[in-house]
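Chains as they are written, first to last, in the working numbering: chain A, 2 to 313; chain B, 2 to 313; chain C, 34 to 290; chain D, 34 to 290.
Don't be surprised by glycine CBs; every beta carbon is placed ideally from N, CA and C.
Each remark here refers to the structure printed beneath this line.
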Amino acid sequence: MNRLAISLPGLDMKNPIMPASGCFGFGREYAGFYDLSVLGAAAIKAATAEARFGNPTPRVAETHSGMLNAIGLQNPGVDKIMEKELPFLKSYNIPIVANIAGSRDEDYCEVARKLSSHPQVSVLELNISCPNVKEGGIQFGTDPKTAAELTKKVKSVSSKPVYVKLSPNVSNISEMAKAVEEAGADGLSMINTLLGMRIDLKTRKPILANKTGGLSGPAIKPVAIRMIHEVSQAVSIPIIGMGGVTCAEDVIEFMLAGASAVAIGTANFVDPLICPDIISKLPELLDHMNVNHISELIGGSWKECEVPSLSR
Amino acid sequence: MNRLAISLPGLDMKNPIMPASGCFGFGREYAGFYDLSVLGAAAIKAATAEARFGNPTPRVAETHSGMLNAIGLQNPGVDKIMEKELPFLKSYNIPIVANIAGSRDEDYCEVARKLSSHPQVSVLELNISCPNVKEGGIQFGTDPKTAAELTKKVKSVSSKPVYVKLSPNVSNISEMAKAVEEAGADGLSMINTLLGMRIDLKTRKPILANKTGGLSGPAIKPVAIRMIHEVSQAVSIPIIGMGGVTCAEDVIEFMLAGASAVAIGTANFVDPLICPDIISKLPELLDHMNVNHISELIGGSWKECEVPSLSR
Amino acid sequence: MRKEMVSVVSQKEIARNIFELKVKGDVVSDMTSPGQFVHMRVSDSFQPLLRRPISICDVDLTSQTLTMLYRKEGAGTSLLSEKKDGDMIDLLGPLGNGFPLDALAEGKTALLVGGGIGVPPLYYLAKQLQKRGIKVISVLGFQSFEDAFYKEKFEAVGEVFISTADGSQGCKGFVTDVIKSHSFTYDLLYSCGPSVMLKALEQQVPSASGYFSLEERMGCGIGACFACVCHVNGGLPSDYVKVCSNGPVFPIGEVVL
Amino acid sequence: MRKEMVSVVSQKEIARNIFELKVKGDVVSDMTSPGQFVHMRVSDSFQPLLRRPISICDVDLTSQTLTMLYRKEGAGTSLLSEKKDGDMIDLLGPLGNGFPLDALAEGKTALLVGGGIGVPPLYYLAKQLQKRGIKVISVLGFQSFEDAFYKEKFEAVGEVFISTADGSQGCKGFVTDVIKSHSFTYDLLYSCGPSVMLKALEQQVPSASGYFSLEERMGCGIGACFACVCHVNGGLPSDYVKVCSNGPVFPIGEVVL
Ligand SMILES: Cc1cc2nc3c(=O)[nH]c(=O)nc-3n(C[C@H](O)[C@H](O)[C@H](O)COP(=O)(O)OP(=O)(O)OC[C@H]3O[C@@H](n4cnc5c(N)ncnc54)[C@H](O)[C@@H]3O)c2cc1C
Ligand SMILES: Cc1cc2nc3c(=O)[nH]c(=O)nc-3n(C[C@H](O)[C@H](O)[C@H](O)COP(=O)(O)OP(=O)(O)OC[C@H]3O[C@@H](n4cnc5c(N)ncnc54)[C@H](O)[C@@H]3O)c2cc1C
Ligand SMILES: Cc1cc2nc3c(=O)[nH]c(=O)nc-3n(C[C@H](O)[C@H](O)[C@H](O)COP(=O)(O)O)c2cc1C
Ligand SMILES: Cc1cc2nc3c(=O)[nH]c(=O)nc-3n(C[C@H](O)[C@H](O)[C@H](O)COP(=O)(O)O)c2cc1C
Ligand code: FES
Ligand code: FES
């Protein structure tokens, strides 16, 4: 028995760990550091209908225990991704989460149709939450109705399961989650980055050329945990959790909160070997926690003993 | 000329620095460390109509560059605060920001009426954003209409200027800000804490007895900066900025973002002398930046040169 | 109560994950009350952000040296354990109210009951009581032989009984088992340890009067943040005490454990 | 390209806020191409979170020792400056593509132009070019006498011209002033420095062919995050190169500065 195996709609994973979209490129760079076939899955960089350069530089800035990025969905466009990037990942034989973005419904649908038909793509991840693109994305991510409509449209053109990636920059995350669940989403990815900014004292201007950027890294972990804790009790589709994971203990914390799998973003930049390191540490941690199979931990913070936990 | 003096509705401050509500008690403890009269102002702990014990313990947990708290508005009630706590602060002769909280309109109004009539209270700070109290507060903080109505009611019973303290846990912070501005708010305080959670791997339950708590400290600074940057351009009432300030440079960053004064919360726990330390470092920093008066910095990140900053 | 940079004089591991840390500084001259604690920054960065509360275990007023014992557990105490001779530590203290020393007259007997990392503050207490001519009996509970410490030190100031959960040293079981099996005669009980232990004492030695030292997660450590409150026995639901500034030492029975 | 814990051999301040750091490790054996860089964690905590890119300044392959020069500026380089002999540093490298060494035949002349903290990578380059029988002329620009470093080292491998903004050493002004006032004859230009300097070179020495080494704020340092892209001259608006993995060295004129 593989104690780490997790099976989700469209994703048969030998462990719950995947690199997060945008933090892994299309895998080439990390393939120089380790054998990618150890991964549970891999989420590739957002694809848009056309090639995008993204935002001007500087695109990253550091914050306390976190970083801001405003890459702006740079990518070579969906066609080139299918031709040039996906084939590279083939030999590793891991489920691929294809992240899709756009500024209009039609763009999303075009990309969804194309990518879902690619044999290597296991599921789509609908990015309705990129905070760094002016024309679009973010309003899909903050209005439940718009998000639900988009989800429906994408579902109707996709031959693969669709996970919707939620933005944390909302008043009511459960409402968003329920709306896309009702619209047919097969799963959720959460959280994307928090909107943030840093100002340079010398220039007196925002450090990022785009002014605002997405905050990621350990700083946002408590926000992610509370949102997953809440949403996992509000919906019945599985959640791929992410936001500040840097170690095996964090993975367990996300699963106890209610995540069924865990994506690792920013930490890849800090340590390119973080994914395989975490994967190798999980069994020992399960032993230590007296857990037989990692799936037993999913939602463990609220599933049983709801009342005793309140009483302390 | 006092280069640090800032004058806001109801607040004549010799410098822009004040301890944030809930992080300074009613001043007694810090008075043991320094002469409180050096402060620009002081925000005291939230007052409610009746005495409150607050949430069960544990009430605090640490996160990367931040902390979670779920105190739950513990306080002796507005009457005791006026009788027993405010007189202590009298001799320091500093403007007092009286934070008020409640679960119903009537409670807020009662507290507002009482506190605003107290001679030592300079302004009220309407806390519509405490994430740690189930029955109330938070819905006021996420719905513009409810917030505006409450602001109107409190304004109508208050004889002192009213600052509304905004929650960052919203999709559209400018909408909230504009709603309370129209309702008559004299100023804004932002940001309150982000909702967060940590789960203990041993117990498998949330560390905080209240489960969720408010995230504060350096981790949230970029979120605060971007919200103040946005809101200060959307409204014309002044902003008391806060969220993760730990040094004089941070104060400048908040003012460049658009804050007119700056409150320091969590950092008081890390260093009880942080407020006087920062105050004493500001003049040197102004020299270094070639700034004559600190007020010149307010909104400096967007006020001039909007176009050049875009072009990089 | 002040904030001062103190310098590390020595640090060594004296039992499994138990470190003895000695620091030196003017502020130590204020540390005359056993049961008080200090609040220390363990890093210059904000990771971890909050200070760590550690009890005063022993003080040498002449050399202005403070001894602390702590268990290396999480991130904060791990960083603390890396401090080397000469390193400076940002210390706030002494904080809170210690054990009242004049509660007992000369010739009386004090029963000191410590559990695990609750033992350290009792050592300074034991020394002070003995100096005042009070007889000290110490009952110290540990998980196992490897976790036990300061037995000899306590023996120098009075009779000592050890219990270990696994029986590898002293009596097998808990401190309450030791107390039940010996019928100690004493005038006041002073105890510090995990709250399960204090609760057990309260139940199984109901007649005891004396003092408990409590622990609670802290924010400020000085009474400003209301993180560390406890309900008061027989008080209103809104009544409270703060462990950091009203405690950590309370008369037995005063607070709800 | 690998990740390795290297050990600090020595660290000293050689000019105002300029530190020379030597580290040792197996990975140094891979560092044969001047112009490449390494990406280092400066702290065990997440403060700061990201690695810091620093150029390879010199390499001793025999002793597997890497020399880096850096300017202490912000939080990261301040922490780096506190590293002591024997401390271990998590290093990723060598990264990127260095200056092509075989672009010049023996007997040819290379003009090396460095500004401030752009000077370090040129030193390893100068040594390698000289070893291949190429004549090296170095023009090094600094703010002031106090900021200048490695003049003697460069003099050991060729002719050196210094400029300082305040005239306190060498020619008063910028490197472009030195180049304009001397009419150097050279075959290729190699330069590293702030982008204002590179832009000035591009404009004021328009005929020059050669290589520029660029800087850009980085996330991953290995090509995965798209933080460090530049537009390509004459390319489509969506065309780009990554400074970290396609550069940091590019043929003059290839990328939009
Ligand atoms: C008044 C007082 C005196 C103490 N004296 C001692 C002593 O002499 N020796 C000793 O080893 N320990 C003592 N403790 C407990 C000690 O403070 C904690 O073990 C320590 O803070 C854990 O820090 P960490 O970073 O290793 O653990 P982490 O689990 O990483 O700490 C996370 C957070 O929880 C808090 N925390 C964790 N455990 C406790 C606890 N048991 N009590 C209070 N806060 C906790 C920490 O302060 C920190 O804010 C005392 C606690 C208090 C309140
Ligand atoms: C390929 C390359 C080679 C470099 N080689 C050297 C060298 O040999 N010696 C040297 O002193 N410096 C070099 N730098 C610049 C050096 O990386 C920065 O000075 C350093 O990262 C600043 O870190 P800090 O924490 O001190 O400053 P902070 O301002 O606190 O840094 C904040 C963030 O900005 C980034 N950053 C700040 N300045 C720069 C910059 N100029 N370029 C890129 N990122 C920056 C940091 O990496 C960090 O992410 C090089 C940069 C690059 C891209
Ligand atoms: C540089 C960078 C680029 C990102 N690009 C994308 C993207 O293209 N699509 C997407 O859905 N999320 C993107 N994200 C968000 C991450 O996938 C992830 O949701 C977020 O960073 C939180 O996880 P972390 O804290 O582990 O990084 C990006 C994040 C970073 C830091
Ligand atoms: C322990 C604690 C208690 C707080 N209590 C209150 C409160 O009673 N009323 C309020 O408006 N804000 C309260 N806050 C929020 C702070 O005033 C401040 O808005 C927030 O912590 C962000 O600032 P900081 O990062 O500097 O702490 C509290 C914060 C903390 C950490
Ligand atoms: S720890 Fe802040 S009041 Fe006790
Ligand atoms: S720094 Fe990540 S792609 Fe260059």
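Enumerate in chain order the residues of its own chain whose CB-to-CB distance from S66/D is below 6 Å, with the five nearest sequence positions on each side excluded. Along the fourth sequence, one-based indexing puts residue 66/D at 33. Cβ within range, chain order: G131.
For chain A, check one thing: does any of its Cβ atoms lie closer than 8 Å to the Cβ of E37/D? In the fourth sequence, the residue the question calls residue 37/D occupies position 4. E37/D does not count as touching chain A.
Spatial neighbours of V42/C in its chain, beta-carbon cut-off 8 Å, leaving aside the 5 residues before and after: Working through the third sequence from its first residue, we reach residue 42/C at position 9. Excluding positions up to five away in sequence, the list reads K55, V56, K57, T98, D118.
Which residues in the same chain as A108/D place their Cβ atom closer than 6 Å to its Cβ, once the five residues preceding and following it in sequence are excluded? Here residue 108/D refers to the residue found at position 75 when the fourth sequence is read from its first residue. For A108/D, where only same-chain residues beyond five positions count, the Cβ hits under 6 Å are P81.
Which value, in whole angstroms, describes the spacing of the CA atoms of L162/D and L134/D? Your numbering for residue 162/D matches position 129 in the fourth sequence. Your numbering for residue 134/D matches position 101 in the fourth sequence. Those two C-alpha atoms are separated by around 7 Å.
Any 3 or more C-beta pairs closer than 8 Å across the segment 117–125 of chain A and the segment 159–167 of chain A: Here the segment 117–125 of chain A makes contact with the segment 159–167 of chain A; the two share three or more CB pairs at distances below 8 Å.
Using a Cβ-Cβ cut-off of 8 Å (strictly less than) and excluding sequence neighbours within five positions of V92/D, which residues of its own chain qualify? By one-based count along the fourth sequence, residue 92/D stands at place 59. Excluding positions up to five away in sequence, the list reads V61, M64, T65, T98, L99, T100, Y157.
If the cut is a Cβ gap below 7 Å, which residues of chain C does C65/B touch? Translated into positions along the second sequence, residue 65/B becomes position 64. The identity of residue 65/B in the sequence shown is His, whereas the question assumes Cys. Per Cβ cutoff of 7 Å: Q80.
By the 7 Å beta-carbon criterion, what residues does the segment 216–241 of chain A contribute toward chain G? You won't find chain G in this structure, because its protein chains are A, B, C and D.
Reducing DSSP to helix, strand and coil, say where M230/D ends up. For the purposes of this step, residue 230/D is taken as the residue at position 197 of the fourth sequence. DSSP places M230/D in helix when its eight states are reduced to three.
Any C-beta of chain A sitting closer than 8 Å to the C-beta of T213/B? To locate residue 213/B, count along the second sequence from 1; it is residue 212. Output row for T213/B: interface = yes.
Tell me whether A257/D counts as near ligand 6, meaning its Cβ is closer than 7 Å to at least one heavy atom of that ligand. Indexing the fourth sequence from 1 puts residue 257/D at position 224. Answer for A257/D: yes, Cβ within range of ligand 6.
Kindly indicate if chain B contains any beta-carbon less than 8 Å away from that of P227/C. Indexing the third sequence from 1 puts residue 227/C at position 194. No, because no Cβ of chain B sits closer than 8 Å to the Cβ of P227/C.
Would you say the beta carbon of V276/D comes nearer than 7 Å to a heavy atom of ligand 3? Residue 276/D sits at position 243 when you count from the first residue of the fourth sequence. Not under cutoff, so the answer is no.
Would you mind sorting H65/A into buried or exposed? The rule is 16 or more other CB atoms within 10 Å of its CB. Stepping through the first sequence from its first residue, residue 65/A is reached at position 64. That one is buried.
Determine whether the beta carbon atoms of L189/A and G215/A lie at a separation below 8 Å. The residue given as residue 189/A occupies position 188 in the first sequence. The residue given as residue 215/A occupies position 214 in the first sequence. No, the Cβ-Cβ distance between L189/A and G215/A is not below 8 Å.
On the three-state DSSP scale, how would you describe M83/B? Taking the second sequence and counting its residues from 1, one reaches residue 83/B at position 82. In the three-state DSSP reduction, M83/B falls in the helix class (H, G or I).
Beta-carbon proximity check, T317/B vs A71/B, cutoff 8 Å: For chain B, the structure presents residues 2 to 313; residue 317/B sits outside this window and is missing.
Quick one: which chain B residues come within Cβ less than 7 Å of F259/C? Residue mapping note: residue 259/C aligns to position 226 of the third sequence, counting from 1. Within chain B, the residues near F259/C are G55, I72, Q75.
C-beta atoms of M256/B and L283/B nearer than 8 Å: The sequence position of residue 256/B within the second sequence is 255, counting from 1. The sequence position of residue 283/B within the second sequence is 282, counting from 1. Contact flag unset, no.
Rounded C-beta distance between V274/D and V265/D? I'm assuming under 8 Å. One-based indexing of the fourth sequence puts residue 274/D at position 241. One-based indexing of the fourth sequence puts residue 265/D at position 232. 6 Å between Cβ atoms; contact.
Identified DSSP bridge partners for K212/A: By one-based count along the first sequence, residue 212/A stands at place 211. Among the bridge pairs identified by DSSP, K212/A is matched with L209/A.
Can you list, in chain order, the residues of the segment 262–278 of chain B whose Cβ is nearer than 8 Å to any Cβ on chain C? Contact residues of the segment 262–278 of chain B toward chain C are T267, N269, F270, V271, D272, P273, L274 (C-beta to C-beta distance below 8 Å).
At the level of alpha carbons, what is the spacing between N3/B and I192/A? In the second sequence, counting from the first residue as 1, residue 3/B sits at position 2. In the first sequence, counting from the first residue as 1, residue 192/A sits at position 191. The C-alpha of N3/B lies about 46 Å from the C-alpha of I192/A.
Mind checking who E183/B pairs with in its DSSP beta bridge? Position 182 of the second sequence, counting from 1, holds the residue named residue 183/B. E183/B is not bridged to any residue.
Looking at the C-beta of L196/A, does it have a partner C-beta in chain B at a distance below 8 Å? Within the first sequence, numbered from 1, the residue matching residue 196/A stands at position 195. Yes, contact with chain B.
The segment 72–92 of chain A in contact with the segment 248–261 of chain D per 3-pair CB rule at 8 Å: The segment 72–92 of chain A and the segment 248–261 of chain D touch, with no fewer than 3 CB-CB distances between them shorter than 8 Å.
According to DSSP, simplified to helix, strand and coil, what is G242/A? Counting from 1 along the first sequence, the entry for residue 242/A is found at position 241. G242/A: strand per DSSP, three-state reduction.
Could you check whether the segment 106–114 of chain A touches the segment 57–64 of chain A, counting it as contact only if at least three pairs of C-beta atoms, one from each stretch, sit closer than 8 Å? At 8 Å Cβ cutoff, the stretches do not touch.
Our contact map puts A264/B next to I229/B with C-beta atoms below 8 Å; I'd like the distance itself, whole angstroms only. For this step, residue 264/B is matched to residue 263 along the second sequence. For this step, residue 229/B is matched to residue 228 along the second sequence. Going by Cβ atoms, the distance from A264/B to I229/B rounds to 12 Å, so no, they are not a contact pair.
P14/D vs G68/D beta-carbon contact at 8 Å: An answer regarding residue 14/D cannot be provided, because it is not within the stretch 34 to 290 covered by chain D.
CB contact below 8 Å: K135/A versus chain B: Numbered from its first residue, the first sequence carries residue 135/A at position 134. Residue placement at K135/A is flagged as unreliable, the pLDDT there being 49, under the threshold of 50; the coordinate-derived value follows with that caveat. Output row for K135/A: interface = no.
Helix, strand or coil, according to DSSP, for N100/A in the structure here? As a first step, residue 100/A is located in the first sequence; it is residue number 99 there, counting from the start. Note: N100/A maps to strand in three-state DSSP.
Taking only runs that begin and end inside the segment 94–143 of chain D, name each unbroken beta strand (DSSP E) of 3 or more residues, in chain order. DSSP runs (the beta strand (DSSP E)) wholly in the segment 94–143 of chain D: 98–104, 121–128.
Run through chain C and tell me which residues come within less than 8 Å of G26/B, C-beta to C-beta. Counting from one through the second sequence, the residue named residue 26/B turns up at place 25. Taking a Cβ-Cβ threshold of 8 Å, the residues of chain C close to G26/B are G256, A257, C258, F259, in chain order.
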